[in-house]
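Residue numbers (the working numbering): 12 to 1021.
C-beta atoms are modelled at their ideal positions from N, C-alpha and C, and glycine is treated no differently.
In this text, all values refer to a predicted model and were calculated from it rather than measured experimentally.
Below is one structure; the comments refer to it alone.
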Amino acid sequence: MKTFLVAMLTLFSIGMYAQEKIKITGIVKDTNGETVIGANVSVKGTTIGAITNIDGAFTIEVPSDGKLVISYIGYVKQEIGIQGKQNFTITLKEDSEMLSEVVVTALGIKREKKALGYAMQEVKTESFSENRSTSVSNLLQGKIAGVQISQSAGGVSGSTRVVLRGLNSLSGNNSPLWVVDGLPILDNKNGDYASGASDLNPDDIESISVLKGANAAALYGSRAQSGAILITTKKGKAGSFQVEYNGYVSMTKAYNSYEFQDTYGQGSNGAYSMEARQSWGPKMEGQTIQNWRNVLYGDKAYQDYAMLPQTDQVDDFFRTALNYVNSVSVSGGGEKLNARFSFTDSRNEGILPNESLNKQNYNLNVEFKSKYLTVGGKVTYFREKAKNKPAWNQGPWQQIIQIPRSIRFADLRNPMGQEGYTVNWSGDSESVLNPYQFLLDGNGNELNRNRLLGMLTLTGHITDYLKLTGRIGLDRLSDDLEEYSTYHNKATTPRNLIRITNSTREELNADLMLNFDKRFKDFSVTANLGIAARYNKFKSLKAESGAAIIPGFTALGNGTSKLATQDKNSSRVNSVLGNATLGYKGYAFLDVSARNDWSSTLPPSNWSYFYPSVSLSGILSDILKMPREYFLKIRGSWAQVGNDTTPYSLYNVYTLGNIQGIHTVGQTSNTYPLADLKPEKTTSWEVGFDYRMFNNRLGFDFTYYRSTTVDQILSITIPGSSGYTYKKINSGKMESKGVELMISGTPVQTKDWRWDVNLNWGTNSTRNIELNEKIKRYTFTSTNSIRIGSVVIDEGGKFGDIVATAYQKNEDGRILVNEKGLPLINTKSSQVIGNMMPDWTGSFSTTLSYKNIVFNALVDVRWGGEFLSLTDALACGAGTSARTMKGRDGMVVNGIVKSTGEENSKEITAQQFYSTISGQYPVGEEFLHDASYVKLRELSIGYTLPDLWFKQTPISKVKVAIVGRDLFNIYKAAPVNAEFAQNSQDVYQAYELAALPSTRTIGFSLNVKF
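Dropping the structure here:
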């Protein structure tokens, strides 16, 4: 006991000695001798700290053997040993790296951000591992000014549409180019499945730079006509070895974004009828009705039940989806060699009970450095399995919204009947189907994707200012897609029992660049000159079984008319390119670039096209010698970019088929080719400024841009007597203009607290200046089959104008009705009733940190634009919509009787009204809705555990976070899911085609570093 007490006293004495405190004072200055106000002064490894006052002075009590840490934005952090000293004069040096931010630009070239003469925006990626999504594209929502990102409503494996600066091309090629570590990658879509960019692993991304227009991306050629998104991946770092784990688990739940009525059940004209397919029946008050499975199918297990509203249809049908992500990386390196390996396993359920998306990602990045040579290699392998992606055409939600409100889902849940066919509340039908039929194991689809991405870079350092860099990259993507329809009702026989499509896309990129970077007294010169080549190849093999011979047996051989088709194409682009930047005294920069492409998809007379660019920027804060707390840059640029077309558009090509499986026949294309096709050409210019003050505590970045695209490559409809359906032409002139604004601020910054806010805002308007001397309206052919309306562009009109059936109206705009009091419909209306493009988009984000706790929130806004809603049209026609409550006992249409010109007074019922204007062939004007919304896109709170907890362990850092994504709409103008896009095609943003309900995700993330 005595020994124990002595030991304790000894330890206590040592602790007292170590913790002996002294009072110190000091002053913090910069290299010009001016005091620094608000600098952080703290003792390393403790919570002791102070802030310098208006005179740059501080007073603080510290351990006599501690170490001071002094930091301030824009300056290099300093550490100074106290060693019993009581008075300090500290000089902070400007952080040149912070003042001259280095960013990644076209071709992976690193440049000072202040030298750029065009707009580019960097996206912070620190939170990507915390608040995850199945696609990197979704993670960019709300983080880039002026960019439109449409998240798919087509399930977890659906595509995402990204448009950087409006829609310049009528050909539909308005997506940005995705570039990884300096080389472009494939971003093709396979139907509505997620594009190639969705395969990228967020945990491997170091930085993202967004080059918004042709001005910034001209060096990448025609595919960067609509901008580029540059991704730099993580590498091993010299002098360190680190193991990192990221874990994520979340729950995604559907919530009903459409309001149904819960008063009236199945029937017609207020009376119950099992034969009725709508919900125009009596009030549901518990009256006993027969079970449809008993009456229609003779299944005695299903008994009579009480007629009551089924209020939980969304919860009954959709599940709470679980998502798991586990990622581990190992990185390290020395003076000459560094490497990083990562593996990520992602398992995602969809809200449909049989939907899933599982992905695995393996990534290896190695770099070797010597005095004269740097060799970098990267290999990434992606594996993906997507099961049962929901269809929008007669998919499950389209069926659910039309089910009478008295039909129990418990009776629908087992869709297989006693005779081996599916059953439904409506009886056997070709169009009205049991939604649970889509969940059967023999019905659905499965996509298996394998992707290999390999890159090799060699850099020879000839002198300290001259180097030669060669790069080659291969992106190979293979998709195996199976679609099967094994089970159906008696009224339908699927065209194919099973269809299998195997497709492979390859892209090979190579370039050789000579890089020059040297300073001559007041001048600096950076130049790049080189050649590049791109080769694309596609092939596919499709097999169709025809209708099933033996019911319930899913195999290609079990089909009545087996058919195999194959397709292939290839294209090549060769290029010469270069750029040069001339800088003067670090505050004036002139940049010029030029590229010439030779494309195999264009005729020899036009396959060579040249596009230059020029930009100028000046740092006015340096030129005018403004105080050091201020930074002001102005910039302007002009660029021209060309664009080619798809392979084999110049001549007639044949599609091979057969007659009765005996005779082989060749069928020509239905599009008349244009042998002297010219490349599209986009000319754009922009001006802007970057103004930061109070040492980056407040910043403004403004850009105005305008671009014009001519010689659009279009397919127009021609008379069938010509032997063709369409004809390719060069025509049209489009003009796109807009404004982008970014505001950043740090209202609070103390020793323990920091509050950052960011505002992104952008607006764009795209108009057609001229079309063709004979054509004054162009209808996008892909919308011809959509009954609710079409998307057109008129000469002088806006891109995205919507044309649909409308009410007949008089000169005063009043609706005309017939003698029965029903509205008259103009079924051949060519009237533009709305436009799909938003008036503006924006976002507000905030980050609030206190010591080791960080809170993040992101609010995403889309304002303006309209769309046509099929959900609303079908639900109104079926009497299930809350809109149909009004007028059940009688209503009068506000209009004028066409035959008499008198005010309408004829009473009708809601059933009569909605049967006239809605359903499968609705009046588009009635179901046109405002697409505006304000959504809480992201919310998270994270906590970094104290380092002292892991002092005796190999763990260096642990961070935990609770995260939420797409939590709720703060405001939504439309009655349906505000993010309704069925696919990433531009014109489909005008339609909500029975999109799945909105979802919200809540999860937990864990980051551990060793």
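Limits of the unbroken beta strand (DSSP E) element including residue i
i	result
residue 979	968 to 983
residue 149	Where residue 149 is concerned, there is no enclosing beta strand (DSSP E), although the alpha helix (DSSP H) it sits in stretches over 147 to 150.
residue 216	216 to 222
residue 208	Neither: residue 208 is in no beta strand (DSSP E) and is coded neither H nor E.
Beta carbon of residue i nearer than 8 Å to that of residue j
i	j	result
residue 647	residue 603	no
residue 89	residue 81	yes
residue 592	residue 495	no
residue 1005	residue 885	yes
residue 70	residue 102	no
residue 141	residue 951	yes
residue 100	residue 38	yes
residue 448	residue 310	no
residue 266	residue 986	no
residue 60	residue 47	no
residue 529	residue 598	no
residue 846	residue 811	yes
residue 211	residue 114	no
residue 516	residue 197	yes
residue 765	residue 871	no
residue 789	residue 725	yes
residue 940	residue 979	no
Beta-bridge partners of residue i, as assigned by DSSP
i	result
residue 522	482, 543
residue 747	718, 777
residue 74	32
residue 414	Note: residue 414 sits in no beta bridge, so no partner.
residue 344	349
residue 602	592, 626
Burial state of residue i (16 or more Cβ within 10 Å)
i	result
residue 2	An answer regarding residue 2 cannot be provided, because it is not within the stretch 12 to 1021 covered by the chain.
residue 381	exposed
residue 419	buried
residue 638	exposed
residue 676	exposed
residue 446	buried
residue 657	exposed
residue 610	buried
residue 914	exposed
residue 413	buried
residue 135	exposed
Residue span of the alpha helix (DSSP H) that contains residue i, given as start and end
i	result
residue 423	420 to 423
residue 306	303 to 308
residue 923	921 to 928
residue 408	407 to 411
residue 561	Taken as a continuous stretch (DSSP letters only), residue 561 belongs to no alpha helix (DSSP H), as it is neither H nor E.
Assigned secondary structure, residue i (DSSP; H/G/I helix, E/B strand, else coil)
i	result
residue 130	coil
residue 733	helix
residue 83	coil
residue 767	strand
residue 449	helix
residue 156	coil
residue 124	helix
residue 896	helix
residue 960	helix
residue 904	coil
residue 517	strand
residue 786	coil
residue 383	coil
residue 328	helix
residue 441	coil
residue 6	It is not possible to answer for residue 6, since the shown part of the chain is limited to 12 through 1021.
residue 162	coil
residue 50	coil
residue 195	strand
residue 258	strand
is_contact[residue i, chain B] using C-beta, thresh 8 Å
i	result
residue 455	Absent from the structure is chain B; it holds one protein chain and no more.
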